[in-house]
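Going by the UniProt record's numbering, the sequence shown opens with residue 1, and the numbers climb by one from there. C-beta: ideal position from N, C-alpha, C; glycine also. None of these values were measured; they are calculated from a predicted model. A short worksheet on the structure shown next.
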Amino acid sequence: MGCLPSKPEAPAFRAGAGATFRPGGPDERKELEVVRHAALRVSAAACRMQGWRRTQEDVAVALPGAPDAPDVLLCGVFDGHSGSVSATLAAARMFPAVLRTKAWGAGDAEAALVQGFLDVDAALREARARDGTTAVCAVVAARALWVANCGDSRALL
Numbered sequence: 001m002g003c004l005p006s007k008p009e010a011p012a013f014r015a016g017a018g019a020t021f022r023p024g025g026p027d028e029r030k031e032l033e034v035v036r037h038a039a040l041r042v043s044a045a046a047c048r049m050q051g052w053r054r055t056q057e058d059v060a061v062a063l064p065g066a067p068d069a070p071d072v073l074l075c076g077v078f079d080g081h082s083g084s085v086s087a088t089l090a091a092a093r094m095f096p097a098v099l100r101t102k103a104w105g106a107g108d109a110e111a112a113l114v115q116g117f118l119d120v121d122a123a124l125r126e127a128r129a130r131d132g133t134t135a136v137c138a139v140v141a142a143r144a145l146w147v148a149n150c151g152d153s154r155a156l157l
């Protein structure tokens, strides 16, 4: 879903306390956030739209020059499914998990991303979250780009 105008088909509306869709139509307000990593001369942008859901379920993270990774841009989109608990937890834990792996310390961003996903999965199971999330994460460096996904989220370069 981008920041372009859209008119999706109305989902089946289910009334009652367990309803997950907004009555009356989608919330089409869009929030745009842009971050820049000055040293890399690269920017990352996230556009959010709540759509038909009663609450925003998705979380985007962009960390330009984190203290433990000043030379990279860390980005992630966590697509919540049936709630925002898992997406919020995954967004908060993914990159700290990546940065504390032995693989990251050894310069292996690919293995660090894999271990980060495994650590977040364990944290979600421990939290017994009742919803879910998919994710796509990227590590942008001066001469390399690593992208990893979990579930049906994808990245396009």
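Top-ranked residue by Cα proximity to residue i, from the options
i: G151; options: V77, R48, V34, M49; result: V77
i: A87; options: E28, G132, R128, A148; result: G132
i: residue 158; options: V35, G51, K30, V34; result: Only positions 1 to 157 of the chain appear in the structure, and residue 158 is not among them; the question remains open.
i: D108; options: R154, P26, A141; result: A141
Between the CA atoms of residue j and residue i - distance to the nearest angstrom
i: P5; j: A44; result: The predicted position of P5 is uncertain, since its pLDDT is 49 and thus under 50; a value taken from the coordinates is nonetheless stated next. Distance between the alpha carbons of P5 and A44 is about 21 Å.
i: R143; j: C75; result: 16 Å
i: G2; j: C47; result: Because G2 sits at a pLDDT of 40, beneath the cut-off of 50, its placement in the model cannot be relied upon, and the following sentence gives the value as read from the coordinates. Going from the Cα of G2 to the Cα of C47 covers about 7 Å.
i: A106; j: L99; result: 11 Å
i: A12; j: A123; result: The predicted position of A12 is uncertain, since its pLDDT is 49 and thus under 50; no value can be drawn from it.
i: L156; j: N149; result: 12 Å
i: A138; j: R125; result: 23 Å
i: A97; j: A66; result: 13 Å
i: L89; j: R53; result: 19 Å
Distance between beta carbons of residue j and residue i, contact taken as under 8 Å
i: V136; j: A91; result: That pair is no contact at about 12 Å.
i: F101; j: G116; result: Looking at the sequence itself, residue 101 is Thr, so the reference to Phe does not match. At roughly 7 Å, the Cβ-Cβ gap stays under 8 Å, so T101 and G116 are in contact.
i: V61; j: F95; result: 7 Å
Opening and closing residue of the beta strand (DSSP E) in which residue i lies
i: A103; result: First-last for A103: 102-105, but that is the alpha helix (DSSP H), not the beta strand (DSSP E).
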